[in-house]
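Quick note: the first sequence uses numbering that gives the first Met the number 0, first residue 0, plus one each step.
The beta-carbon is built from N, C-alpha and C at its ideal position, and this holds for glycine as well.
On a predicted model such as this, the values are computed, not experimentally measured, just so you know.
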Amino acid sequence: MLEKTYEPKKIEEEIYASWEEKGAFKPDMRKDKDAFAIVIPPPNVTGVLHMGHALDDTLQDILIRYNRMQGKNVLWQPGTDHAGIATQMVVERNLASQGITRHDLGREKFIETVWQWKEKSGGTICKQLRRLGASCDWSRARFTMDDGLSRAVRKIFVKMYKDGLIYKAKKLVNWDSKFMTAVSDLEVIQKETVGKMYYYKYPIKGEEGEFIHIATTRPETMFGDTAVAVSKDNEKLKHLIGKECIIPIINKAIPIIADEHADPTKGTGAVKITPAHDFNDFEVGKRHNLPLINILNPDATLNENTPFAGMDTQTARKKTIETLDSLGLMDKIEDHPMVIPYGDRSGVVIEPLMTDQWFVDAPKLAVEAVKAVENGDMEFVPKSYEKTYFEWMRNIQPWCISRQLWWGHQMPIWYGPDETIFCEEDEETAQSAADKHYGKHVELRRESDVLDTWFSSGLWAFSTLGWPDKSEYLDTFYPTSVLVTGFDIIFFWVARMMMMSMYAMKRVPFRKCYIHGLVRDEQGRKMSKSKGNTVDPMEIIEKYGADALRFFMAAMETQGRDINISESRIQGYRNFATKLWNSARFGEMNGCFLSKVFNPNSVKHPVNKWIIAKVRQTANELTQNLNNFRFSDSANGVYQFVWGTFCDWYIEMIKPIFYGSDDALKNETKATFAFILERILLILHPFMPFVTAQLWNNTHDDNSDIITAAWPKIEDVNNTDIKRIDWVIDFVTAIRSLKSEMNIPAGAKLSALLLGANDESLTNINDFREILCSLARLEKIEEYNHTPTPDMVQTVSREMTILIPLKGVVDFKAEKERLQKELDGLIKNLEGYAKKLSNPAFVDKAPAAVVTEERRRQAEALENKAKVELALKRVSNL
RNA sequence: GGGAGUUUAGCUCAGCUGGAAGAGCAUCUCGUUUACACCGAGAGGGUCGGGAGUUCGAACCUCUCAACUCCCACCA
0 MLEKTYEPKK IEEEIYASWE EKGAFKPDMR KDKDAFAIVI PPPNVTGVLH
50 MGHALDDTLQ DILIRYNRMQ GKNVLWQPGT DHAGIATQMV VERNLASQGI
100 TRHDLGREKF IETVWQWKEK SGGTICKQLR RLGASCDWSR ARFTMDDGLS
150 RAVRKIFVKM YKDGLIYKAK KLVNWDSKFM TAVSDLEVIQ KETVGKMYYY
200 KYPIKGEEGE FIHIATTRPE TMFGDTAVAV SKDNEKLKHL IGKECIIPII
250 NKAIPIIADE HADPTKGTGA VKITPAHDFN DFEVGKRHNL PLINILNPDA
300 TLNENTPFAG MDTQTARKKT IETLDSLGLM DKIEDHPMVI PYGDRSGVVI
350 EPLMTDQWFV DAPKLAVEAV KAVENGDMEF VPKSYEKTYF EWMRNIQPWC
400 ISRQLWWGHQ MPIWYGPDET IFCEEDEETA QSAADKHYGK HVELRRESDV
450 LDTWFSSGLW AFSTLGWPDK SEYLDTFYPT SVLVTGFDII FFWVARMMMM
500 SMYAMKRVPF RKCYIHGLVR DEQGRKMSKS KGNTVDPMEI IEKYGADALR
550 FFMAAMETQG RDINISESRI QGYRNFATKL WNSARFGEMN GCFLSKVFNP
600 NSVKHPVNKW IIAKVRQTAN ELTQNLNNFR FSDSANGVYQ FVWGTFCDWY
650 IEMIKPIFYG SDDALKNETK ATFAFILERI LLILHPFMPF VTAQLWNNTH
700 DDNSDIITAA WPKIEDVNNT DIKRIDWVID FVTAIRSLKS EMNIPAGAKL
750 SALLLGANDE SLTNINDFRE ILCSLARLEK IEEYNHTPTP DMVQTVSREM
800 TILIPLKGVV DFKAEKERLQ KELDGLIKNL EGYAKKLSNP AFVDKAPAAV
850 VTEERRRQAE ALENKAKVEL ALKRVSNL
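So, in structure tokens, the structure goes:
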């Protein structure tokens with residue numbers, strides 16, 4: 000017996016465990032089936048589940064479960080990411096609380112500590128994904144630093160190096176002074192701030208009292224200046240070109256050069272050029288062969304090339320200004336809105352710094368990655384994201400992949416005594432290559448840098464399937480079917496996967512890429528720990544069940560939009576699960592068991608025919624919607640059917656059958672009910688796996704599992720069956736509405752007279768009139784005039800007029816107002832129809848069906864108008 | 001500066017190819033022996049951001065104005 004209320008907590012974990020135990024999430028690897036695969040966007044190994052994961056992984060699980068039920072050979076490949084900087088940061092923070100730095104431990108010991116941390120906290124997010132119901136094949140879980148995946152990384156790296164696609168270069172890079180590592184452009188976020196613009200002057204060499212005026216936001220970098228640039232078109236300043244000016248404080252002469260970078264309309268028209276600390280200046284420096292002077296230490300303090308060595312930039316800035324002021328060289332200081340780069344993880348100001356780094360030739364790799372989207376091998380859903388992708392890919396810069404961190408894939412690079420580079424997959428190979436090169440045994444030094452964490456995630460689609468080894472999984476599931484992820488990592492991940500996969504596999508990593516938005520708080524603000532507005536998915540699951548959270552995510556997911564979390568709505572979907580649960584209880588209490596001999600095409604009763612047609616219609620639409628990634632339409636369609644059609648109408652309509660005495664009909668209805676409920680469980684399962692599984696088990700004693708039960712095929716829908724009962728619903732609604740508006744007690748047993756009813760309609764209504772709208776008696780009449788009493792109310796449903804005698808029950812003043820309102824509405828509609836239909840252009844040009852429909856509506860409204868007018872006249876005479 | 005998006009009921013949002021404006025929540029009225037109060041029945045509430053255009057017909061297409069959001073680049 001089912002409990003009265005569905006308690007998700009009691010069953011979810013148990014059901015999940017039983018699935019995992021029997022290996023229900025593993026692909027069956029049958030060759031005769033279509034393959035369907037998704038690789039999970041690997042969460043940080045030490046992370047915890049947030050709402051973004053809940054959305055992302057719910058959508059994936061819906062697709063996975065749906066396709067599994069479609070009878071495909073399905074793999075959802077799970078795993079986690081080592082998340083270089085993020086994880087190192089967490090571990091360093093833990094160490095700091097004990098007063099230890101990573102340098103105290105040394106590299107080896109530190110890495111060991113990170114692995115320990117990973118072992119300790121690494122399982123959390125996978126456990127949480129299980130609570131969500133994610134049907135990943137956990138037996139295949141991978142980690143980006145696994146042996147196999149590490150081998151993939153080294154193999155690709157070496158191949159790319161040897162193909163000239165990875166190179167070392169001394170370049171200006173984004174330098175994070177907290178982690179003391181280079182970071183890629185993507186890891187830098189620009190923040191609007193109101194800073195200061197400092198105006199001061201450099202004396203012109205050899206010309207007493209002559210100055211060139213400079214504007215800068217970073218005066219402390221003046222010690223790295225190697226020129227001042229002026230536009231050759233700058234009438235006021237061009238006479239200075241070719242002269243030299245003196246950097247004050249250090250009294251160093253630098254040239255004044257002509258360069259188009261100096262815009263006469265900006266600042267003072269003269270720009271100080273600091274090639275080693277500014278990306279634009281770097282380019283200017285290259286054009287003019289200017290020396291590069293690095294003035295910063297790796298921790299962003301000034302170095303010995305400045306008079307303020309050891310100071311941080313802020314202090315040095317203050318000191319510089321004070322000194323310039325004391326020399327009488329300051330002009331002014333103004334507030335200046337500007338954009339300052341910060342590290343996305345560290346939160347410190349990013350400094351452009353000259354360092355030796357390793358780069359991937361992204362512009363070259365992008366070519367094939369762009370082509371694959373252009374020719375449709377990979378499609379974005381929604382399609383508009385391909386524009387974003389193209390835009391970025393076509394303007395892509397070399398990708399800085401070296402990180403001066405310890406946690407990550409150490410680069411497979413070895414240096415010989417004379418710094419000759421040996422790039423091989425392992426030390427042994429590198430050693431023998433080196434020995435051969437030098438003609439003797441030499442000591443090699445391994446590159447200490449590790450790779451950007453996205454390098455290994457870029458290989459995820461094939462490395463997890465076994466590459467570089469031969470693998471049945473790789474053959475079967477690559478390219479994967481679809482990637483589901485947020486728009487925020489299109490560049491970080493999707494783009495890199497495309498480039499890496501096109502390079503390594505010559506094929507796309509996935510056929511489609513479904514992009515969803517962010518999960519925001521109730522007011523639409525971004526969730527963040529600092530704002531304190533985060534909602535923990537695990538708490539929601541505890542409170543309302545995983546099914547409710549999942550259904551919420553699906554129902555809210557419309558393409559291209561963010562989702563605002565709404566607890567009341569999640570609660571509503573919990574209620575939905577309970578509603579379904581109780582409908583099953585109703586079936587159970589009335590002995591509705593699945594019948595093996597039941598044939599939905601041979602049921603006789605109109606209501607049973609109707610619900611069968613309706614469930615087919617619902618399933619058909621759902622299949623379409625899921626095929627098109629229309630998640631909200633999918634979820635809402637099922638919701639509407641289960642609650643609005645099955646519970647609100649079908650169950651109410653079959654009650655009189657169950658309470659009646661026609662056993663044949665009873666049996667047919669019981670079997671139909673069981674059939675419909677089973678259909679509901681099937682089509683709802685991808686969204687609400689737990690409650691549907693529980694109810695499935697409750698109604699099946701054959702050891703079958705809903706997870707592999709067959710998804711309903713597309714079937715023809717009998718529209719006549721649908722219309723017949725929809726008609727009854729309209730009738731019932733009209734009566735109910737009338738009674739409610741007239742303040743007639745719901746229990747009042749009324750009788751009604753029907754004008755214009757055909758026999759079939761009458762029969763259909765008679766079956767339900769009592770239970771659905773408390774009509775005790777129905778009488779068919781042919782002529783309006785036959786009605787003997789004038790004190791009755793009237794309503795219209797389709798072609799019928801319904802008259803209900805209400806002597807002494809009804810306030811006829813109210814009735815008159817009601818009728819007048821109805822009449823006004825009809826007149827307004829009629830004006831619209833007349834206007835349209837009298838327009839020859841409409842009649843000529845609109846499709847025939849539209850015109851016919853419009854005529855039908857007009858005729859109907861005209862009839863109704865006559866009826867209402869009559870009623871009104873009658874009431875007025877009272 | 002370049003690109004994308006949003007503006008529809010009190011709130012949060014659907015509305016796929018142009019063919020009588022929808023949902024959930026909230027509000028109001030009525031209802032509890034008989035699956036479910038995590039319930040049922042009914043109701044109110046919208047010149048679909050403003051303006052112009054295309055069309056027989058526009059929430060939907062075009063132009064324009066306004067407000068907001070995001071991404072990329074850059075600002076001495």
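Give the straight-line distance between the Cα atoms of Val-878 and Arg-139, rounded to the nearest whole angstrom. The structure shown does not extend to residue 878, since the chain is modelled only from 0 to 877, so the question has no answer here.
When Lys-30, Ser-837, Met-68, Val-44 are compared against Arg-678, the one with the closest alpha-carbon: Checked all of Lys-30, Ser-837, Met-68, Val-44; the closest Cα to Arg-678 is Met-68.
Use the C-beta contact count for Ala-503: other C-beta atoms within 10 angstroms, 16 or more gives buried, fewer gives exposed. Buried: at least 16 other Cβ atoms inside 10 Å.
Assign Asp-60 to one of two classes, buried (16 or more other C-beta atoms within 10 Å of its C-beta) or exposed (fewer than that). Answer is buried; the Cβ neighbour count reaches 16.
The region 121-131 / the region 43-57 touching (three or more Cβ pairs under 8 angstroms): As far as the Cβ criterion goes, the region 121-131 touches the region 43-57, which means the pair count is three or higher.
Determine the direct distance from the alpha carbon of Lys-613 to that of Phe-841, and round the result to whole angstroms. When rounded, the separation of the alpha-carbon atoms in Phe-841 and Lys-613 is 34 angstroms.
Val-347 to Lys-21, Cα distance in whole Å? Rounded to the nearest angstrom, the two C-alpha atoms are 50 angstroms apart.
In three-state terms, what does DSSP make of Thr-180? Here Thr-180 sits in strand by DSSP.
Which of the three DSSP states is assigned to Pro-804 in this structure? Here DSSP, grouped into helix, strand and coil, assigns Pro-804 to strand.
Closer than 6 angstroms by C-beta to Glu-219: which residues in its own chain qualify, once you throw out the five before and the five after it? Chain order, please. Cβ neighbours of Glu-219 within its own chain (closer than 6 angstroms, five residues either side excluded): Thr-312, Ala-315, Arg-316, Thr-319.
Met-410: buried (16+ other C-beta within 10 angstroms of its C-beta) or exposed? Under the 10 Å beta carbon count, Met-410 is surrounded by 16 or more other beta carbons and is classified as buried.
Would you kindly work out how many angstroms separate the C-alpha atoms of Asp-280 and Gly-268, rounded to a whole number? Straight-line Cα distance between these residues: approximately 15 angstroms.
Alpha helix (DSSP H) segment containing Trp-357, residue limits: No alpha helix (DSSP H) holds Trp-357; the beta strand (DSSP E) holding it covers 349-359.
Under the three-state DSSP convention, the category Tyr-414 falls into: In this structure, Tyr-414 counts as strand in the three-state DSSP scheme.
Would you kindly check if the distance between the Cβ of Gly-559 and the Cβ of Leu-517 is under 8 angstroms? No, Cβ-Cβ distance for Leu-517 and Gly-559 is not below 8 angstroms.
Please report how far the alpha carbon of Gly-241 lies from the alpha carbon of Lys-204, in whole angstroms. So the alpha carbons of these two residues sit roughly 11 angstroms apart.
Could you check the C-alpha separation between Arg-444 and Asn-394 for me, to the nearest Å? Per the coordinates, the alpha-carbon of Arg-444 lies some 36 angstroms from the alpha-carbon of Asn-394.
Does the distance from the CB of Phe-490 to the CB of Trp-391 come in under 8 angstroms? In this structure, Phe-490 lies near Trp-391, with their beta-carbon atoms less than 8 angstroms apart.
With which residues is Gly-78 paired in a DSSP beta bridge? Arg-141, per the DSSP bridge assignment.
Looking only at its own chain, which residues have a Cβ that is under 7 angstroms from the Cβ of His-260, when we skip the five neighbours before and after it? Around His-260: Ala-228, Val-270, Asn-279, Val-283.
Taking the alpha carbon of Arg-29 as the point to measure from, which residue in Thr-123, Tyr-472, Ile-650, Ile-249 has its own alpha carbon closest? Residue Tyr-472 holds the alpha-carbon nearest to the alpha-carbon of Arg-29 among Thr-123, Tyr-472, Ile-650, Ile-249.
What distance in whole Å lies between the Cβ atoms of Tyr-15 and Val-690, which are believed to be in contact at a cut-off of 8 angstroms? Contact flag wrong, Cβ pair sits at about 13 angstroms.
Can you tell me whether DSSP reads His-335 as helix, strand or coil? Note: His-335 maps to strand in three-state DSSP.
Have a look at the DSSP bridge pairing and note the partners of Asn-72. Listed as beta-bridge partners of Asn-72 by DSSP are Ala-34.
Where Asp-80 falls, given that 16 or more other Cβ within 10 Å makes a residue buried: So Asp-80 counts as buried.
Beta-carbon contacts of Met-752 that lie in its chain and below 7 angstroms, excluding the five residues immediately before and after: Here residue 752 turns out to be Leu, not Met, going by the sequence shown. Contacts found: Glu-778, Ile-780, Thr-786, Leu-802.
Helix, strand or coil: which one does DSSP assign to Phe-24? Three-state result, Phe-24: coil.
What are the boundary residues of the beta strand (DSSP E) that Tyr-201 is part of? First-last of the beta strand (DSSP E) with Tyr-201: 187-202.
How is Met-537 classed by DSSP in three states: helix, strand or coil? If DSSP states are grouped into helix, strand and coil, Met-537 belongs with the helices.
Which whole runs of the beta strand (DSSP E) in the region 568-600 are 3 residues long or more, in chain order? Those beta strand (DSSP E) runs which fall completely within the region 568-600 and span 3+ residues do not exist here.
So the candidates are Arg-141, Val-90, Cys-135, Gly-98; which of them puts its Cα closest to the Cα of Lys-119? Nearest option by C-alpha distance: Val-90.
Pro-787, DSSP secondary structure in three states: Below a pLDDT of 50, predicted positions are generally treated as unreliable, and Pro-787, at 47, falls in that range; the measurement from the model is reported next regardless. Reduced to three states, the DSSP call for Pro-787 is coil.
So Gly-544 packs on Leu-676, CB below 8 angstroms; how close in whole Å? Contact flag wrong, Cβ pair sits at about 20 angstroms.
Taking DSSP's pairing of strands, which residues face Arg-519 in a bridge? Arg-519 is bridged by DSSP to Lys-525, Asn-563.
For Tyr-414 and Ile-420, the rounded distance between their alpha carbons: Per the coordinates, the alpha-carbon of Ile-420 lies some 5 angstroms from the alpha-carbon of Tyr-414.
Helix or strand or just coil, what does DSSP make of Thr-794? It is a strand residue.
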